[in-house]
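K.L.:
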Amino acid sequence: MTASMPLPFCVYILFSEKDKQLYTGYTSNLEKRLKQHNDGMNTSTANRRPLRLVFCEFYCFEIDARNRETYLKTTMGKRAIKFMLASTLDTLGYRRKQ
């Protein structure tokens, strides 16, 4: 892989403008996946639209992206995201679950 090649796998976090919550996933085609989410083609987010991309990380290998997604869905991973995106989440009106 050369330095000019794009990294093919992405872990992403979406913000639901409807319920003010986050959704974490991974994909090999971010643009297509975001369209699927906002077109209601994903059962996990269909009723939570519109969705806004607030974070993404790119990886060379699928296993690394999947491992990162798994981590970000843990309690520690959720804390890390909330810390990293504190200003963004405050601006968007993120509702912390009680």
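In terms of the working numbering, the sequence shown is residues 10 to 107. Built from N, CA and C at the ideal position, the CB exists for glycine as well.
(1) Going by CA-CA distance only, name the one from L16, Q30, R57 and D48 that's closest to K91.
(2) If you follow the beta strand (DSSP E) that E66 is in, where does it begin and where does it stop?
(3) Tell me the residue span of the alpha helix (DSSP H) that contains L43.
(4) Cα separation between R61 and L23?
(5) Quick check on the DSSP output: the beta strand (DSSP E) that includes Y103 runs from which residue to which?
(6) In angstroms, rounded to a whole number, what distance separates the CA positions of R57 and D28?
(7) Compute the beta-carbon to beta-carbon distance between L16 and C65, rounded to the nearest angstrom, for a pair I have assumed lies under 8 Å.
(8) Which residues mark the beginning and the end of the alpha helix (DSSP H) in which L16 is found?
(9) What's the C-alpha gap between E26 and T79?
P.N.:
In terms of the structure at hand:
(1) By one-based count along the sequence shown, residue 91 stands at place 82. Of L16, Q30, R57 and D48, the residue nearest in Cα terms is Q30.
(2) Taking the first residue of the sequence shown as 1, we reach residue 66 at position 57. In the DSSP assignment, E66 falls within the beta strand (DSSP E) that extends over L60 to Y68.
(3) One-based indexing of the sequence shown puts residue 43 at position 34. Element bounds for L43: L39 to N47.
(4) Residue mapping note: residue 61 aligns to position 52 of the sequence shown, counting from 1. Residue mapping note: residue 23 aligns to position 14 of the sequence shown, counting from 1. Each residue's alpha carbon lies about 5 Å from the other.
(5) Within the sequence shown, residue 103 is the residue found at index 94, counting from 1. Looking at the DSSP string, Y103 is not in any beta strand (DSSP E), and its letter there is neither H nor E.
(6) By one-based count along the sequence shown, residue 57 stands at place 48. By one-based count along the sequence shown, residue 28 stands at place 19. For the pair R57 and D28, the Cα-to-Cα distance works out to about 6 Å.
(7) As a working mapping, residue 16 is identified with position 7 in the sequence shown. As a working mapping, residue 65 is identified with position 56 in the sequence shown. With a contact defined as Cβ atoms closer than 8 Å, L16 and C65 miss out at about 10 Å.
(8) One-based indexing of the sequence shown puts residue 16 at position 7. Looking at the DSSP string, L16 is not in any alpha helix (DSSP H), and its letter there is neither H nor E.
(9) As a first step, residue 26 is located in the sequence shown; it is residue number 17 there, counting from the start. As a first step, residue 79 is located in the sequence shown; it is residue number 70 there, counting from the start. Rounded to the nearest angstrom, the gap between the Cα atoms of E26 and T79 is 23 Å.
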